[in-house]
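Here the structure is laid out as C-alpha cells; the discussion comes afterwards.
Numbering (this note's numbering), first residue to last: 353 to 901.
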C-alpha cells in the first residue's frame, strides 16, 4: 500500500470536485482541411479555450512511450500515461526491442511453441492485426517470427489476418497482403508450407473489447479455428471480391476462409497446434484469449475446441494472468494516481460507456483490472449501442453526463474522471459528417458539465488521450489533400500526431498558479495537475503539472 499524499499548502482545495474530462480523439489539427473539430459548431469548447488557462500537450510518440515521434499515440498508452503521471516504454517499443535484440526468440515461451510444432509435426498459427499501424500490432514482428520459425525447422505456418483500415489508410489491405504473399512464396521455395488461412475486418471479427459484442469473437472463432465461412482461393481474391460486393472499407470487410478446392479450409486449427495471438495491446486481445483458454467459457458455443498451445504477444491482464503464456513482458506500471488517491482516502468515480470504460479503469490504473479500494474507488459503465458508430455519432455522451452531474451534486466524490469516446470512435469511421454531429453533441454536454462544476465550486480539466477527429483527410508531404482515382479526397481513419488541449476551468480560482500554463509537456502531466488541484503534492518522480506557481 502506498503512503498517503502530503498536503500542498500552495493549493486550496475547491468546494467541489476535480473533474478530468478526457475528450477521446480530440486534438488540434495541423491542416484546416479535414479538421472536423475545427469546423464543428462547438461554442462551449471554443469559449473555454478563449477564456480559461490552456496549453497544448503532446500525446504521441516518445511522449507516451512509443518507439519514435513518428508513431501515433493511442488510447492504451494515452490512458496509461495520464493515469500514472509518467512515461513507460509501451508495447510497441517493448516488442520491437525484444524482436530486434532476439530476446523474444531466446525466451522460454517461443521455444515451447516451436518445440510443440516440431514434436507433433503440427502447425504454428498466427492471429493478429495485419498492418504496421503499431497501435495493436506491427506486421514486421509477424515477419520476424515467421522467419525464425522457418530457421527453427517449423514446416507448416498459417496466418489469420485481421484487416486494419483504422490505424492505417482505410483501403490499404492489399498494400500489406500482396507483398506478404510474395514474402511467403519466397520462403516456400525451400519446401515449407506457409500460407494465409483466414481473415476479415477488425471491426467484424475477433477484436471485440470490454464484452461489447461477443458475436464478433464467435465469428472469428468460426473462421480461424473451424475454417467455416465464405471460401476464396487467396486473400487477394477475397479482399477484391468482398469490396466489390459490400463496398466496405477494410475494418468492416466480412470474414473469409482460404480454400484450394472451395470445400476444405487450408488452415483450420487442430489438436496439438501452436497458436500465437501477436497483437501486443490488451483490450482487443482478452476475449479471443478467453475463448482459447477458459475451461468454463459461456459466451458462445465453441463447438470443437482444439487442444492447442496458446500464447499472446504480451500478458494482456496482470490480475487475471491472461494469457497463461506470453512472449514479451508488459510494462510494469506502478504508483498510479488512483492508487495514491485511495491511499489518501479520496473518493473517486471513473465513468465512460462500454467502448472506453476499460480505458478510464484498466488502462488508467496501469493495466490493472481490479479496484485499488472498494470504498474509495467507484466505477460506472454506461452500455454502448451495438451499431456502427456513424449511425449513432452522439454515442452515450448525454447519459455519461447525466451520471456525472448526479455525482457532482451528490458531494460524495472529490475526484471524477470520464471519457467521452465520440471523437475517437466516430473519427475511425472516416465520416466527416458523423464526426461533426458527434462533436456538436459532445459540446452540449460540456456546457452541462461546466454549469454543474460552476454551481458546485469545483474544477474541470479538459484534455484528451490522442488526436483523431482533428485529422480526417490524408495529406501528402506538401500538405495537400490526397485524392483517389476519381478525384475524391482520401479519408483518414487513424489517429493523428497532433497535440491535444489542456483546459483548466476553475471558476473559484484563488491565484495559486499563473493563468499562463507551461508549454511543451505531455499528457502524463495531467496526473500531477489533478493532484495539485486537489490540494496535494504530486508524488516523487511524477512529470510536472501544467502550472507555473
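Using N, Cα and C, we set each Cβ at its ideal position, and we do this for glycine too.
- For residue 791, the enclosing alpha helix (DSSP H) covers residues 784 to 808.
- Annotated three-state conformation of residue 549 is strand, per DSSP.
- With respect to residue 643, residue 573 sits close: the two C-beta atoms are nearer than 8 Å.
- By the CB criterion at 8 Å, residue 627 and residue 498 fall outside the cutoff.
- If you draw a straight line from the Cα of residue 845 to the Cα of residue 519, it is about 7 Å long.
- Sequence-distant Cβ neighbours of residue 645 in its own chain, meaning closer than 8 Å and more than five residues away, are 662, 674, 675 and 676.
- Of the other Cβ atoms in all chains shown, 16 or more fall within 10 Å of the Cβ of residue 783; this residue is therefore buried.
- In this structure, DSSP gives residue 428 a helical state, which the three-state scheme calls helix.
- The closest CA to that of residue 807, considering only 357, 359 and 367, is found on 367.
- For residue 513, the enclosing beta strand (DSSP E) has its first and last residue at 508 to 515.
- Inter-residue distance for residue 360 and residue 756 is about 27 Å (C-alpha atoms, whole angstroms).
- For the pair residue 436 and residue 409, the Cα-to-Cα distance works out to about 16 Å.
- Judged by DSSP in its simplified three-state form, residue 833 adopts strand.
- Beta-bridge pairing by DSSP links residue 734 to 705.
- When DSSP assignments are scanned along the stretch 436 to 490, the uninterrupted stretches of beta strand (DSSP E) that are 3 or more residues long and fall wholly within it turn out to be 476 to 481.
- Residue 411 sits close to residue 817, with the two beta carbons spaced by under 8 Å.
- A Cβ-Cβ separation of about 5 Å places residue 824 in contact with residue 388 under the 8 Å criterion.
- By a beta-carbon distance limit of 8 Å, residue 554 contacts residue 514. Their separation comes to about 5 Å.
- Note that the C-beta distance between residue 764 and residue 705 is not below 8 Å.
- Put simply, of 728, 453, 839 and 370 the residue whose alpha carbon is nearest the alpha carbon of residue 859 is 370.
- The criterion of a C-beta distance shorter than 8 Å is not satisfied by residue 493 and residue 530.
- Excluding five sequence positions before and after residue 710, the CB atoms of its chain that fall closer than 6 Å to its own CB belong to 562 and 635, given in chain order.
- In this structure residue 648 is exposed. Its beta-carbon is surrounded by fewer than 16 other beta-carbon atoms within 10 angstroms.
- Our two residues, residue 684 and residue 550, have alpha carbons roughly 34 Å apart in a direct line.
- Distance from the CA of residue 708 to the CA of residue 666, rounded to the nearest whole angstrom, comes to 21 Å.
- Contact check for residue 688 against residue 718 passes: the beta carbons are separated by less than 8 Å.
- The C-beta of residue 358 has fewer than 16 other C-beta atoms within 10 Å across all chains shown, which makes the residue exposed.
- With a 10 Å radius around the Cβ and a threshold of 16 neighbouring Cβ atoms, residue 376 comes out buried.
- In the structure shown, residue 623 falls within a coil segment according to DSSP collapsed to helix, strand and coil.
- In the three-state reduction of the DSSP assignment, residue 729 falls in the strand class, which pools E and B.
- Between the stretch 841 to 855 and the stretch 380 to 399 there are three or more inter-stretch CB-CB distances shorter than 8 Å, so the stretches are counted as touching.
- Annotated as distal: residue 415 and residue 893, with beta-carbon spacing of 8 Å or more.
- Buried is the label assigned to residue 372, since at least 16 other Cβ atoms lie within 10 Å of its Cβ.
- Closest in C-alpha terms to residue 592, from the list 426, 606, 491 and 740, comes 606.
- Exposure of residue 355 is indicated by the presence of fewer than 16 other C-beta atoms within 10 angstroms of its C-beta.
- In the three-state DSSP reduction, residue 610 falls in the strand class (E or B).
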